[in-house]
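Have a look at the structure below before the remarks.
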Amino acid sequence: MRFFKLKEKPNWKYILGEILLLFIGINLAIWFNNWNTSKKLNEDKKIAINKITEEIKSNKKEIDNILNNYQSILDAYSKFKSVYDKNTSKVITTPSYLDSLNKKYPDFFRVKDSIAVNDSLFRYWGSTYIDLEIPNLSEIAWKTTMTLNISNIFDYECLYEIENLYNLQRRVQKEIDKAANALQKRELEALMNILEFLNQLGVILNEKYDSVLENSVSCKE
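For the sequence shown, position 100 matches number 100 in the UniProt record's numbering, and the numbering has no gaps at all.
And the structure:
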């Protein structure tokens, strides 16, 4: 006698249910992982924007200071240029006018000796001293953001505005370095031309600083 063992029919409902649960579980895991990644990126983005904002505020203070400094130098040089005697180590003027210049621009021209030219005019020997502020505008926060690829999640308008700002800032820094070099070589006419150009660039850069700071909140979103 032969006995046959009947095979049980597969429970497709159970199998499909298990497959569905597995599929849902995998997708939930992927979604949760993506959610965590997205959350981490958004947190990093907010931190980056905060650091960039702090950096911009600090740089803006530096620009405000140098604009005042450079304008004062330009004004002083313009006034003394009218009384320089062939070079910046001699001036011919009245004692009262020199005194008024020294009060307005202290230490710009340091008198060492003098001699009367006539009853009212004196020739003064000395040296022109220019106290030029030479800041180092920082871009560490922005470079770090770029290096860590956090800038990849910035929206286009925000990224464009910040990159444009730092490009102009680099240009300003180059002009500042050129000014320092001109002063070191005592090329005062070249220095004054650079300072005039820097004043123009500085105003534009300050406007860009203000714009980025104003839009920094929307950049975090």
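Beta carbons: idealized from backbone N, C-alpha and C, even for Gly. Computed from a prediction, not measured in an experiment: that's the story for all the values here.
Alpha carbon of residue i to alpha carbon of residue j, nearest angstrom
i, j, result
"N42", "K51", "14 Å"
"K103", "A76", "11 Å"
"F148", "K40", "Inspection of the sequence shows that residue 148 is occupied by Leu rather than by Phe. Whole-angstrom Cα-Cα distance: 13 Å."
"S127", "V91", "10 Å"
"E161", "R186", "37 Å"
"E157", "A179", "33 Å"
"K57", "A141", "12 Å"
"Q169", "N87", "34 Å"
"F109", "P135", "24 Å"
"W125", "N68", "28 Å"
"K174", "N167", "11 Å"
Own chain residues within Cβ distance below 8 Å of residue i, not counting five before or after
i, result
"V172", "I63, L137, L198, L201, G202, L205"
"residue 237", "The structure shown does not extend to residue 237, since the chain is modelled only from 1 to 221, so the question has no answer here."
Alpha helix (DSSP H) segment containing residue i, residue limits
i, result
"V203", "188–219"
"V172", "156–184"
Three-way DSSP call (helix, strand, coil) for residue i in this model
i, result
"I56", "helix"
"D131", "coil"
"S120", "coil"
"S138", "coil"
"M1", "Caution is warranted here: a pLDDT of 48 is assigned to M1, below 50, making its placement in the model unreliable, and the coordinate value is therefore given only provisionally. Three-state DSSP puts M1 in coil, outside helix and strand."
"residue 298", "Only positions 1 to 221 of the chain appear in the structure, and residue 298 is not among them; the question remains open."
Any non-hydrogen atom of the ligand HEM within 8 Å of residue i CB
i, result
"S216", "Annotation note on the ligand HEM: not contained in the displayed structure, which lists no ligands."
Own chain residues within Cβ distance below 7 Å of residue i, not counting five before or after
i, result
"M192", "L74, Y77"
"L183", "I130, L132, L191"
"S151", "T145, L159"
Residues bridged to residue i (per DSSP)
i, result
"N87", "D85"
"D113", "W125"
"I92", "R123"
Limits of the beta strand (DSSP E) - the one that residue i falls within
i, result
"D99", "Per DSSP, D99 belongs to no beta strand (DSSP E); it is in the alpha helix (DSSP H), 95–104."
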